[in-house]
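Undergrad: Top to bottom, those sequences are chains D and H. Heads up: take any position in the first sequence, counting from 1, add 1034, and you land on the numbering used here. Heads up: take any position in the second sequence, counting from 1, add 33, and you land on the numbering used here.
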Amino acid sequence: MTTSTSLVYLIALPLAGAALLLLGGRRTDKWGHLLATALSASSFGVGLYQLSQMLGRSTEARPVSQKLFEWINVGSFNVDAGLLLDQLSICFVLLITGVGTLIHIYSISYMSHDHDRRRFFAYLNLFIAAMLLLVLGDSYLNLYVGWEGVGLASYLLIGFWNQKPAYATASKKAFVMNRIGDMGLSFAIMIAFATMGTVSFTGVAEHAHHTSEAALTAMGIMLLVAATGKSAQFPLQAWLGDAMAGPTPVSALIHAATMVTAGVYLITRSNFVFDAAPTAQLLVVIVGAITLMFGALIGTAKDDIKKALAASTMSQIGYMILGAGLGPVGYAFAIMHLLTHGFFKAGMFLGAGSVMHGMNDEVNMRKYGALRKFMPITFITFGLGYLAILGVPPFAGFYSKDMIIETAFNAGGIKGIILGSVALLGAGITAFYMTRVMILTFTGTKRWDEDAHPHESPWLMWLPMAILAIGSVTSGYLLSHGDALVNWLSPLFEHHGEHEELLKPIVVSALALTMVAIGVAIAFMKYSRQEVAAVAPEDVSIFTKFARQDLMQDRFNEAVFMRPGQALTATLVAADEAVVDGAVRGVAKTALGSGSALRGLQNGFVRSYAALILIGAIALIGAIWVVVQ
Amino acid sequence: MNAANYLYISALLFTIGAVGVVVRRNAIVVFMCIELMLNAANLSFVTFSRINGDLNGQVMAFFTMVVAACEVVVGLAIIVTIYRSRRSASVDDASLLKR
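#1: What are the complete alpha helix (DSSP H) segments, minimum 4 residues, inside the region 1190-1277 of chain D?
#2: Is L1474 (chain D) helix, strand or coil when you go by DSSP?
#3: Is the beta carbon of F1268 (chain D) closer than 7 angstroms to that of F1308 (chain D)?
#4: Applying a beta-carbon distance threshold of less than 8 angstroms, which residues of chain D neighbour L69 (chain H)?
#5: For L1648 (chain D), which residues in chain H fall below 7 angstroms Cβ to Cβ?
#6: Name the two residues that bound the continuous beta strand (DSSP E) containing I1106 (chain D).
#7: What did DSSP end up calling L1117 (chain D) once you bin it into helix, strand or coil?
#8: Where does G1403 (chain D) sit, in a helix, a strand or coil, going by DSSP?
#9: When you compare the CB positions of G1359 (chain D) and V1319 (chain D), do they come within less than 7 angstroms of one another, or not?
#10: Who are the neighbours of S128 (chain H) on chain D, taking C-beta pairs under 8 angstroms?
#11: As a quick exercise: from D:M1354, D:V1108 and D:G1231, pick the residue whose alpha carbon is nearest that of A1249 (chain D).
#12: Can you name, in chain order, every residue of its own chain whose Cβ lies under 8 angstroms from the Cβ of A1050 (chain D), other than the five neighbours on each side?
#13: Just the chain D side, please: which residues come within less than 9 angstroms of V62 (chain H) by C-beta, in chain order?
#14: Check the Cβ-Cβ distances between A1653 (chain D) and every residue of chain H, and say whether any is below 7 angstroms.
#15: In three-state DSSP terms, what is T1036 (chain D)?
#16: Expressed to the nearest angstrom, what Euclidean distance is found between the alpha-carbon atoms of Y1467 (chain D) and V1574 (chain D)?
#17: Check whether the Cβ of D87 (chain H) lies closer than 7 angstroms to any Cβ atom in chain D.
#18: What does G1171 (chain D) pair with, by DSSP beta-bridge criteria?
#19: Which residues, taken in chain order from the region 1574-1604 of chain D, show a beta carbon closer than 9 angstroms to some beta carbon of chain H?
#20: In the DSSP assignment, find the unbroken alpha helix (DSSP H) run with A1358 (chain D) in it and report its ends.
#21: Thinking C-alpha only, which one of D:L1129, D:G1450, D:L1626 and D:G1322 is nearest G1079 (chain D)?
#22: For chain D, find out if any of its Cβ atoms is closer than 7 angstroms to the Cβ of V113 (chain H); answer yes or no.
#23: Does any residue of chain D have a CB that is nearer than 7 angstroms to the CB of V107 (chain H)?
#24: Helix, strand or coil: which one does DSSP assign to F1111 (chain D)?
#25: Counting only beta-carbon separations shorter than 7 angstroms, does A1631 (chain D) have a partner in chain H?
#26: According to DSSP, is N1444 (chain D) part of a helix, a strand, or is it coil?
#27: Hey, is A1625 (chain D)'s beta-carbon within less than 7 angstroms of any beta-carbon in chain H?
#28: In the DSSP assignment, what residue or residues form a beta bridge with N1398 (chain D)?
#29: How about S1205 (chain D) and G1193 (chain D): do their beta carbons lie closer than 7 angstroms?
#30: Would you decide whether A1544 (chain D) is buried or exposed? Buried here means 16 or more other CB atoms lie within 10 Å of its CB.
#31: Taking the beta carbon of R1597 (chain D) as the centre, do at least 16 other beta carbons fall within 10 Å, making it buried, or is it exposed?
#32: Check whether the Cβ atoms of M1499 (chain D) and G1385 (chain D) lie closer than 7 angstroms to each other.
#33: For S123 (chain H), write down the residues that DSSP places opposite it in a beta bridge.
#34: Classify Y41 (chain H): buried if its beta carbon has 16 or more other beta carbons within 10 angstroms, exposed otherwise.
#35: Below 8 angstroms, how does it come out for the region 1403-1422 of chain D and the region 1332-1339 of chain D: are there three or more Cβ pairs, yes or no?
#36: Contact between the region 1403-1410 of chain D and the region 1346-1356 of chain D is defined here as three or more beta-carbon pairs at a separation below 8 angstroms; is this criterion met?
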């Protein structure tokens, strides 16, 4: 494999920025945001350089690696801290650093009124470094370090305004739910080491062929648990909505474009495990299908623009997980949807941030309306993202999402029909809730508060939105033109026989577009023809109430996990106090009691001491006498 | 004469001394009772010396006398001092050590 010495700069540059800004303190306030942006951009530059180098090599020689240092060397367990940049990693590297840099630029303006802007940029740089380590690590253990790093950065950024208790709670919730997934990843690493004796990607890939299917299934399920935690998939999805407590650029970068797609990366990277473990793979598609419906249904009832977009993110990642679970045919499409989603969803989040910026941080869409005239650029960029997520040709989502739907239909048998129908229905619901967001925000009558003065955002904010909008328009075509991405990634995946086609691509596209049209039409009937209430109506159907409550995800977690957990800890605390503390206190009490009793003998009277000595001596002599006798 | 008789007397003297120490309050009397116990022990020593036919017991008795003499000197000094300060020679009055 080709080795390189410059891979480390990808990570080192943003990491240095984070360290400098965090350790430098207030001294770096004036120029900290510029430094962070420059370092992120230079990391993107290194990524582009690596891409150009990679394009110049033959297919086999494309992956490059770099050994940083010997990390763990115990007996038969040897792990080097090493980086691996291959066709899959480079996609992520460019997405992370590219979108990351745009969001850095956006944040310069968006966070300009925050007196802690420097700290914000330090965390953003920390996130970029950790995320790059996640996708560049050459073993599960190196990936794990990045995995935890992004979790930390996510926690710090969700709770960036932790002076509000609700936001601090949201960050804690995200962190705790992520821990469950992280536990899955550590179990997967342990299984890999126990059964194969190695944790590197290449090592596991080699050993996967002659490892028992049971072990691979266990490892696959654990990897899936990890993916559900980080990617907010069912059943660990509940944290994503609350994660919107963070500043909007964070929602765009971490909770839409990059970090939450780490689960898709993990599953795609572990393709050798899942290909050899059909049960685990089936679970992956089930999780993906459930989540894509789950997110879409929540999205239909949310009035908070960021939470609606978060539900949409959850749903779209469900599509990616579904694609990744469909095996070798689906990996490339999952990654393609991931990349296009990175553009259009980040763009829409930045658009939402721009709207909030102009509306005194109001997030309730029922208090928007008619913003098209006041924010033309935001409207256009958001609208392009909207067309992309709907899958209207020739926008990006049309290429990536339709491919996943098509692959799902072609998965074969009843499974294919179910998965395809779910994906198709999801596309329709997506069209409904995204149209709802568009109508409520940009058209109709104005329902603002008195003190709102909507205005277009400064160029530092709309420029990144415009670039991302261009990406939303073109990326799908560019990536799928001549199967560019599929061919680019194909050396990484096992080759597969041709699948029989259940439905022709054109039929799938027609069906998807029909569903989208129906969804859009329903949304128009419901929100454009009628007056929208500025306060959410209470007399709604039970389904709407259900969806507004996030399909009871929090209540379920609280009833099933939180309260029994609290009861368990309460019992343990009681047992600890009664048994462990009781034993310790009992010993102390006995010593104290016998001490107080004996203290009575020390009365200070010489004669009683003398009597005691006498009695003792007589007892001693008596004892000796008895023994001698 | 049976040597054991001396031991009986020794035991009797010791018992009188011991009871005296325990029941009497006057420090001087207590002190004399202690002397009585020491001398009871001395009597035992010389009796055993006689029975065994060696001088160890008699040497031991001399030691006891020396110790008793020293003890009398120190003990009387203490009693006199206590009497001076407290106007009492009762051992029960001198029970301040417990505080």
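No residue lacks a Cβ here, since even glycine has one placed at the ideal position from N, Cα and C. Here the structure is a predicted model, which means the values were calculated and not measured.
TA: Taking the coordinates as given:
#1: 1199-1230, 1235-1241, 1247-1264 and 1273-1276
#2: helix
#3: no
#4: In chain order: nothing, as chain D lies at least about 14 angstroms away.
#5: A51 and V55
#6: V1098 to V1108
#7: strand
#8: coil
#9: yes
#10: N1637, G1638, F1639 and V1640
#11: D:G1231
#12: L1073
#13: The premise fails here: V62 (chain H) is roughly 11 angstroms from chain D at the closest Cβ pair, so nothing lies under 9 angstroms.
#14: no
#15: strand
#16: 17 angstroms
#17: no
#18: D:L1117
#19: none
#20: I1339 to G1359
#21: D:L1129
#22: no
#23: no
#24: strand
#25: no
#26: coil
#27: no
#28: D:D1338
#29: yes
#30: exposed
#31: exposed
#32: yes
#33: H:N59
#34: exposed
#35: no
#36: no
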